[in-house]
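Beneath this line is the structure, given in C-alpha coordinates, with notes to follow.
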Amino acid sequence: MGDADEGPIRQWPITDDLTALREHVTECAEKAGLSRARVIDLVLAANEAAINVLEHGGGTGTLTVRQEPDAVVVEITDHAGRLTAQHAGHGPPPNSAGRGFGLWLMHRLCDDFTIRQTPGRSQVRLRMTYAP
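Each position in the sequence shown, counted from 1, maps to that position plus 1047 in this note's numbering.
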(Lines of atoms letter the chains of each structure in order from A and count residues from 1; the text may use other names and numbers.)
(Lines give C-alpha, C1' and ligand atoms only; values in the text may rest on other atoms or scores of the structure.)
Protein backbone atom coordinates (compact mmCIF):
# COMPACT_ATOMS: atom_id res chain seq x y z
CA MET A 1 0.00 0.00 0.00
CA GLY A 2 1.22 3.53 -0.77
CA ASP A 3 1.14 6.53 1.54
CA ALA A 4 -1.99 8.59 2.21
CA ASP A 5 -1.73 10.31 -1.20
CA GLU A 6 -1.50 7.11 -3.21
CA GLY A 7 -3.76 4.25 -4.06
CA PRO A 8 -2.73 0.61 -4.08
CA ILE A 9 0.51 -0.38 -5.74
CA ARG A 10 0.46 -3.44 -8.00
CA GLN A 11 3.56 -5.10 -9.43
CA TRP A 12 4.30 -7.90 -11.91
CA PRO A 13 7.41 -9.44 -13.42
CA ILE A 14 7.97 -8.69 -17.09
CA THR A 15 7.84 -11.90 -19.08
CA ASP A 16 7.17 -12.73 -22.70
CA ASP A 17 3.45 -12.93 -21.80
CA LEU A 18 2.79 -9.34 -22.82
CA THR A 19 -0.93 -10.05 -23.18
CA ALA A 20 -1.23 -10.64 -19.43
CA LEU A 21 0.82 -7.52 -18.70
CA ARG A 22 -1.43 -5.39 -20.92
CA GLU A 23 -4.49 -6.85 -19.15
CA HIS A 24 -3.03 -5.96 -15.74
CA VAL A 25 -2.34 -2.36 -16.78
CA THR A 26 -5.77 -2.07 -18.40
CA GLU A 27 -7.54 -3.31 -15.29
CA CYS A 28 -5.63 -0.97 -12.97
CA ALA A 29 -6.07 2.07 -15.22
CA GLU A 30 -9.80 1.43 -15.67
CA LYS A 31 -10.33 0.92 -11.92
CA ALA A 32 -8.45 4.17 -11.28
CA GLY A 33 -10.89 6.02 -13.53
CA LEU A 34 -8.90 6.85 -16.67
CA SER A 35 -11.01 7.43 -19.77
CA ARG A 36 -11.01 4.60 -22.33
CA ALA A 37 -8.80 6.56 -24.76
CA ARG A 38 -6.26 7.32 -22.02
CA VAL A 39 -6.26 3.68 -20.89
CA ILE A 40 -5.45 2.59 -24.45
CA ASP A 41 -2.60 5.12 -24.70
CA LEU A 42 -1.12 4.11 -21.34
CA VAL A 43 -1.34 0.40 -22.15
CA LEU A 44 0.36 0.92 -25.52
CA ALA A 45 3.17 2.92 -23.89
CA ALA A 46 3.63 0.33 -21.13
CA ASN A 47 3.71 -2.46 -23.71
CA GLU A 48 6.47 -0.64 -25.64
CA ALA A 49 8.47 -0.22 -22.43
CA ALA A 50 8.07 -3.92 -21.55
CA ILE A 51 9.23 -4.91 -25.05
CA ASN A 52 12.32 -2.76 -24.54
CA VAL A 53 13.08 -4.64 -21.31
CA LEU A 54 12.81 -7.96 -23.12
CA GLU A 55 14.85 -6.88 -26.14
CA HIS A 56 17.40 -4.45 -24.69
CA GLY A 57 17.12 -4.45 -20.90
CA GLY A 58 18.55 -7.81 -20.02
CA GLY A 59 15.28 -9.67 -20.50
CA THR A 60 14.07 -9.29 -16.92
CA GLY A 61 12.32 -6.54 -15.05
CA THR A 62 9.19 -5.45 -13.27
CA LEU A 63 6.16 -3.37 -14.08
CA THR A 64 4.56 -1.38 -11.27
CA VAL A 65 1.23 0.47 -11.42
CA ARG A 66 0.37 3.08 -8.81
CA GLN A 67 -2.45 5.57 -8.36
CA GLU A 68 -1.70 9.16 -7.46
CA PRO A 69 -4.40 11.69 -6.56
CA ASP A 70 -4.46 13.04 -10.12
CA ALA A 71 -2.85 10.31 -12.22
CA VAL A 72 -1.96 6.69 -12.85
CA VAL A 73 1.77 5.95 -12.91
CA VAL A 74 3.39 2.92 -14.56
CA GLU A 75 7.04 2.25 -13.80
CA ILE A 76 8.99 -0.27 -15.83
CA THR A 77 12.33 -1.30 -14.35
CA ASP A 78 14.92 -3.44 -16.10
CA HIS A 79 17.89 -5.20 -14.57
CA ALA A 80 20.49 -4.23 -17.15
CA GLY A 81 20.70 -0.49 -16.53
CA ARG A 82 21.68 0.55 -20.05
CA LEU A 83 18.87 3.06 -20.64
CA THR A 84 19.67 6.62 -19.52
CA ALA A 85 17.82 9.93 -19.36
CA GLN A 86 19.57 10.93 -22.60
CA HIS A 87 17.59 8.21 -24.40
CA ALA A 88 14.36 10.10 -23.67
CA GLY A 89 14.75 12.29 -26.75
CA HIS A 90 11.63 13.99 -27.93
CA GLY A 91 12.01 13.51 -31.66
CA PRO A 92 11.35 10.35 -33.64
CA PRO A 93 14.27 8.34 -34.98
CA PRO A 94 14.96 8.77 -38.69
CA ASN A 95 12.61 6.81 -40.96
CA SER A 96 15.63 4.93 -42.27
CA ALA A 97 16.06 3.39 -38.80
CA GLY A 98 13.03 1.12 -39.33
CA ARG A 99 12.87 0.57 -35.56
CA GLY A 100 13.41 2.54 -32.40
CA PHE A 101 10.11 4.38 -32.22
CA GLY A 102 9.12 2.98 -28.80
CA LEU A 103 10.65 5.71 -26.61
CA TRP A 104 9.33 8.44 -28.91
CA LEU A 105 5.89 6.83 -28.81
CA MET A 106 5.92 6.65 -24.99
CA HIS A 107 6.76 10.35 -24.86
CA ARG A 108 3.93 11.19 -27.28
CA LEU A 109 1.27 9.04 -25.57
CA CYS A 110 1.81 9.94 -21.92
CA ASP A 111 1.53 13.19 -20.01
CA ASP A 112 4.91 12.57 -18.43
CA PHE A 113 7.70 10.27 -19.59
CA THR A 114 11.01 10.04 -17.77
CA ILE A 115 13.95 7.68 -17.60
CA ARG A 116 16.06 7.26 -14.50
CA GLN A 117 19.20 5.17 -14.25
CA THR A 118 20.68 3.75 -11.07
CA PRO A 119 23.53 1.24 -10.83
CA GLY A 120 22.36 -1.94 -12.51
CA ARG A 121 18.86 -0.68 -13.27
CA SER A 122 16.96 1.63 -15.60
CA GLN A 123 13.45 2.81 -14.90
CA VAL A 124 10.92 4.25 -17.33
CA ARG A 125 8.15 6.22 -15.65
CA LEU A 126 4.89 6.77 -17.54
CA ARG A 127 2.34 9.11 -15.98
CA MET A 128 -1.20 9.64 -17.24
CA THR A 129 -3.46 12.20 -15.57
CA TYR A 130 -7.18 11.55 -15.24
CA ALA A 131 -8.03 14.56 -17.42
CA PRO A 132 -5.82 15.76 -20.27
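Even glycine gets a Cβ: it sits at the ideal position worked out from N, Cα and C.
A quick note: this is a predicted structure, and the numbers were derived from the prediction, not measured.
Within the region 1055 to 1130, the complete alpha helix (DSSP H) segments of 4 residues or longer fall at 1065 to 1079 and 1083 to 1103, listed in chain order. Cβ-Cβ separation between Leu1091 and Leu1156: approximately 6 Å, consistent with a contact (criterion under 8 Å). The continuous alpha helix (DSSP H) containing Gly1149 extends over residues Gly1149 to Leu1156. Distance check between Arg1174 and each of Asp1088, Leu1065 and Ala1127 places Asp1088 closest, using alpha-carbon atoms only. Thr1062 and Val1171 have their C-alpha atoms some 17 Å from each other. Note on Asp1125: 16 or more other CB atoms within 10 angstroms of its CB, so buried under the neighbour-count rule. Pairing Leu1110 with Ala1127 gives a Cβ-Cβ distance that is not under 9 Å.
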